[in-house]
Amino acid sequence: MTAIVTDTLVVGSGAGGLAAAVTARLGGLDVIVVEKEAQFGGASARSGGWLWIPCNPHARAAGMEDTPAEARRYLQHEAANHFDGDRVDAFLANGPEMVSFFEKNTAVKFVLGPAFSDYHPNAPGAKPGGRSIVAEPFDGRELGPEIKRLRPPLPEITFLGMMIGSGKELLHFFNVTRSLKSAGYVGMLLARYARDLALHGRAMRLTNGNALIGRLVKSALDLGIPIRTSSGLRELIVRDGRVVGGIVDTSDGPIEIHARRGVVLAAGGFPRNVERRKALYPHAPTGQEHFSPAPPGNTGDGLGVAERVGAAIVTDYPNPAAWAPVSRVPRRDGSTGLFPHFIDRAKPGVIAVTPAGERFVNEANSYHDFMQGLFKATPKGTDVRAFLITDHPTLRRYGLGFVKPFPVPLSPYLGNGYLKKGRTLRDLALAAGIAPEAFDATVRGYNDTARRGEDPAFGRGSTAYNRYLGDPDVKPNPCVAPIETGPFYAVEVVPGELGTFAGIRCDAHARVLDATGTPIAGLYAAGNDAASIMGGNYPGGGITLGPAMTFGYIAARHMEQNPVAPSDEELPQGTRA
Ligand SMILES: Cc1cc2nc3c(=O)[nH]c(=O)nc-3n(C[C@H](O)[C@H](O)[C@H](O)COP(=O)(O)OP(=O)(O)OC[C@H]3O[C@@H](n4cnc5c(N)ncnc54)[C@H](O)[C@@H]3O)c2cc1C
869 MTAIVTDTLV
879 VGSGAGGLAA
889 AVTARLGGLD
899 VIVVEKEAQF
909 GGASARSGGW
919 LWIPCNPHAR
929 AAGMEDTPAE
939 ARRYLQHEAA
949 NHFDGDRVDA
959 FLANGPEMVS
969 FFEKNTAVKF
979 VLGPAFSDYH
989 PNAPGAKPGG
999 RSIVAEPFDG
1009 RELGPEIKRL
1019 RPPLPEITFL
1029 GMMIGSGKEL
1039 LHFFNVTRSL
1049 KSAGYVGMLL
1059 ARYARDLALH
1069 GRAMRLTNGN
1079 ALIGRLVKSA
1089 LDLGIPIRTS
1099 SGLRELIVRD
1109 GRVVGGIVDT
1119 SDGPIEIHAR
1129 RGVVLAAGGF
1139 PRNVERRKAL
1149 YPHAPTGQEH
1159 FSPAPPGNTG
1169 DGLGVAERVG
1179 AAIVTDYPNP
1189 AAWAPVSRVP
1199 RRDGSTGLFP
1209 HFIDRAKPGV
1219 IAVTPAGERF
1229 VNEANSYHDF
1239 MQGLFKATPK
1249 GTDVRAFLIT
1259 DHPTLRRYGL
1269 GFVKPFPVPL
1279 SPYLGNGYLK
1289 KGRTLRDLAL
1299 AAGIAPEAFD
1309 ATVRGYNDTA
1319 RRGEDPAFGR
1329 GSTAYNRYLG
1339 DPDVKPNPCV
1349 APIETGPFYA
1359 VEVVPGELGT
1369 FAGIRCDAHA
1379 RVLDATGTPI
1389 AGLYAAGNDA
1399 ASIMGGNYPG
1409 GGITLGPAMT
1419 FGYIAARHME
1429 QNPVAPSDEE
1439 LPQGTRA
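Rendered as structure tokens:
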């Protein structure tokens, strides 16, 4: 079998893996990244590109007040019994440093979301903004021909293939028919997109997760780090109790990659592993009752190889994954896309009901909290599903899920069954399969107080996070308006997630631990392969990518500082990376 020797083998080319690879290379180590899929970027490339980093340098520069102690208090509250003080402290100490390191030494750049509130802003230590940063848009032309290997975003969250940045940029799209400035801005983006399509056959203005991965890949390639796609780690190689490399399946057959300093597992957790879903997701008794927008390669390989060399897996979090409602979008080619519902639920004039016609949660809360509410409201043994409900003016103003606002026509969404419509509330209930009497009573009850901008039943608009996602032009409550001007509409949502929380037990240096809590020498984990430090909760925007990059950075730093690997002589003869 061909054998290659390097210092650091990184498994997976998402944010966790690439952060580890770039840091290790800048620390003087030889690095190889292996990626099972033909494209790099994983779920990170599909993501919003937000990182939650309390006390990040951008917030400090903007004069926003925060301290590690406050962030710690917040995480202690959020993770409760699963709070791991050592790992949280490592995250809080290294997160801001990681951001500065990347911005100083690489093509990775971020922008602050000053008003992007923590998801539980009334909890102790929470902040109404400043902890979330997002990757700055990136010109895909800088990747040259490598752009072909970049995993594109989910088609359902683009506008006809064009990527839309999630902060101010998205607001311009909502306001395109109401503000000249927004119309001009959107016109400029569309013209640029048309030019990119003509010249490159795809959008070259990368935003969100595509910008994050574009920037990380650019940094890796500039440093000469090979990213070997279509190369999946099959097994780890262990010698004398130490992980010294891995066997990797490639199109030319298996190869051995020997890693003097160690292996970083960053294969993206197990969102596409049906057996683990079956074991850990209570709502998915066969593993199939769940709809993951993560890429197909995220099948839990990292957890599997780690377990086989004795790693402990954390499975007892109250939530094993970062839940999010998704709707199923029929595509022209007969396949089904998934649309994750991040912001529409908070708009004034939108509520959610179960098939029994009842509301069950403050819909403007986070996707994770929305789903927990729905799990509780769903009778045992029945499918978990709900409907987002709105009326005509609201639908045309904000869209709903995959349905775009005016002037995009509604007919395609009605034609393929994605959007259900009824002239009256009762008609809508019958069209969507919702219990009509209860539904009618629910909407009328909601409207009675919504006319005053109040939602005493569930408190829409009661937190800074709710209001951040609402419409500031709607007074007095940016998240509340009645649903009373027909026709009425519904979109069905089902359980999905943004990645898994359960994962490999690790310490504060990102080292993988065995069942006794002892580090397995030479083995590290970052990103969703590592058990989340959030303990199964979802405290804020970017709580998976922030720790993913930070623990990738920590793992690489630990490898640099601990040259305890076998000497070159002990390793098989092979080509250096
Ligand atoms: C629509 C959407 C929006 C999101 N927005 C955000 C956000 O804004 N902020 C945030 O924090 N989180 C967000 N998330 C979640 C976030 O994308 C993931 O938690 C994160 O990308 C995980 O990063 P990772 O590095 O662990 O894995 P990934 O980015 O998934 O990378 C793992 C890679 O490993 C590869 N791999 C798997 N097995 C092997 C193997 N055997 N050998 C080699 N390679 C292998 C996979 O193919 C994959 O490319 C979002 C998720 C979605 C779906």
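Residue 986 in the working numbering sits at position 118 of the sequence shown, with consecutive numbering throughout.
A virtual CB, placed ideally from N, CA and C, is assigned to each residue, including glycine.
Counted within 10 angstroms of its Cβ, other Cβ atoms place residue i as buried (16 or more) or exposed
i: Pro1153; result: exposed
i: Ala927; result: buried
i: Asn1078; result: buried
i: Ala1059; result: exposed
i: Pro1415; result: buried
i: Lys972; result: exposed
i: Asp1436; result: Only weak support is given to the placement of Asp1436: the predicted model assigns it a pLDDT of 47, under 50, and the value that follows is read from those uncertain coordinates. Exposed, because fewer than 16 other Cβ atoms sit within 10 Å of the Cβ of Asp1436.
i: Ala1433; result: Low confidence applies to Ala1433: its pLDDT is 48, below 50, so where it sits in the model is not reliable enough to give any reading.
i: Glu1305; result: exposed
i: Thr1331; result: buried
i: Ala1325; result: exposed
i: Ser1195; result: buried
i: Asp1184; result: exposed
i: Glu903; result: buried
i: Ala937; result: exposed
i: Thr891; result: buried
i: Glu1365; result: buried
i: His1126; result: buried
i: Lys1288; result: buried
i: Leu1067; result: exposed
i: Asp1448; result: The displayed coordinates of the chain run from 869 to 1445. Any statement about residue 1448 would go beyond what the structure contains.
i: Pro1013; result: exposed
i: Pro1340; result: exposed
i: Lys1036; result: exposed
Residue interval of the alpha helix (DSSP H) (run including residue i)
i: Phe1447; result: The question about residue 1447 has no answer here: the residues shown for the chain are numbered 869 through 1445.
i: His926; result: Pro925 to Ala929
i: Tyr1336; result: Ala1332 to Leu1337
i: Leu1083; result: The question names Leu, but residue 1083 in the sequence shown is Arg. Its alpha helix (DSSP H) spans residues Asn1076 to Asp1090.
i: Lys1244; result: Tyr1235 to Ala1245
i: Phe1369; result: Looking at the DSSP string, Phe1369 is not in any alpha helix (DSSP H), and its letter there is neither H nor E.
i: His1068; result: Leu1048 to His1068
i: Asp1251; result: From DSSP, Asp1251 is part of no alpha helix (DSSP H); its letter is neither H nor E.
i: Gly1130; result: That residue, Gly1130, is in no alpha helix (DSSP H); its beta strand (DSSP E) goes Gly1121 to Leu1133.
Other residues of its chain near residue i: CB distance less than 6 Å, five sequence neighbours each side excluded
i: Thr1167; result: Arg1140 and Asn1141
i: Asp875; result: Leu897, Asp898, Arg1128 and Arg1129
i: Leu919; result: Ile1001, Gly1410, Leu1413 and Gly1414
i: Tyr1149; result: His1158
i: Arg1110; result: Ala1389 and Gly1390
i: Thr1075; result: Pro1005, Met1031 and Gly1033
i: Val1044; result: Ser1050, Ala1051 and Val1054
i: Asp1007; result: none
i: Pro1431; result: none
i: Gly1170; result: Leu1133, Ala1135 and Asp1397
i: Arg893; result: Val899, Leu1091 and Ile1093
i: Gln1441; result: Low per-residue confidence applies at Gln1441: pLDDT is 46, beneath 50, and the placement is therefore not dependable, though the value from the model is reported in the following sentence. Closer than 6 Å at Cβ, skipping near neighbours: no residue.
Close-in-space but distant-in-sequence residues of the same chain around residue i (CB under 7 Å, 5 per side omitted)
i: Pro1344; result: Gly1321
i: Ile1422; result: Ala958, Asn962, His1377 and Ala1378
i: Pro1083; result: The amino acid at residue 1083 is misidentified as Pro; the sequence shows Arg. These residues qualify, in order along the chain: Ala975, Val976, Lys977, Ala1003 and Phe1006.
i: Arg1017; result: Gln907, Phe908 and Thr1097
i: Thr1418; result: Phe959, Asn962, Gly963 and Met966
Residue span of the beta strand (DSSP E) that contains residue i, given as start and end
i: Pro1280; result: First-last for Pro1280: Ser1279 to Gly1283, but that is the alpha helix (DSSP H), not the beta strand (DSSP E).
i: Trp1387; result: Checking the sequence shown, residue 1387 turns out to be Pro, not Trp. Element bounds for Pro1387: Pro1387 to Ala1393.
i: Pro1346; result: Segment: none, Pro1346 is in no beta strand (DSSP E) and carries neither H nor E.
i: Phe1207; result: Thr1204 to Pro1208
i: Ile1105; result: Gly1100 to Arg1107
i: Val1221; result: Val1218 to Val1221
i: Phe1159; result: Run containing Phe1159: none; DSSP gives neither H nor E here.
Cβ neighbours of residue i in the same chain (closer than 8 Å, five flanking residues each side left out)
i: Leu1065; result: Gly1029 and Ala1071
i: Ala947; result: Val956, Ile1401, Met1402, Gly1403, Gly1404 and Asn1405
i: Ala1399; result: Ile1181, Val1182, Tyr1185, Phe1369, Ala1370, Gly1371, Ile1372, Arg1373 and Cys1374
i: Tyr1314; result: Ile1219, Arg1227, Asp1323, Ala1325, Pro1350 and Ile1351
i: Gly1225; result: Ala1297, Ile1302, Ala1303, Pro1304, Glu1305, Ala1306, Phe1307, Asp1308, Ala1309 and Thr1310
Contact between the stretch 985-992 and the stretch 1401-1419: three or more CB pairs below 8 Å? yes
Indicate whether the contact test is met: 3 or more Cβ pairs, each with one atom in the stretch 1009-1028 and one in the stretch 901-917, closer than 8 Å. yes
Stretch pair the stretch 1173-1184 + the stretch 1205-1224: three plus CB contacts closer than 8 Å: no
Three or more beta-carbon pairs under 8 Å between the stretch 943-956 and the stretch 1369-1382, yes or no? yes
Do the stretch 1274-1282 and the stretch 1244-1257 meet, that is, are 3 or more Cβ pairs less than 8 Å apart? no
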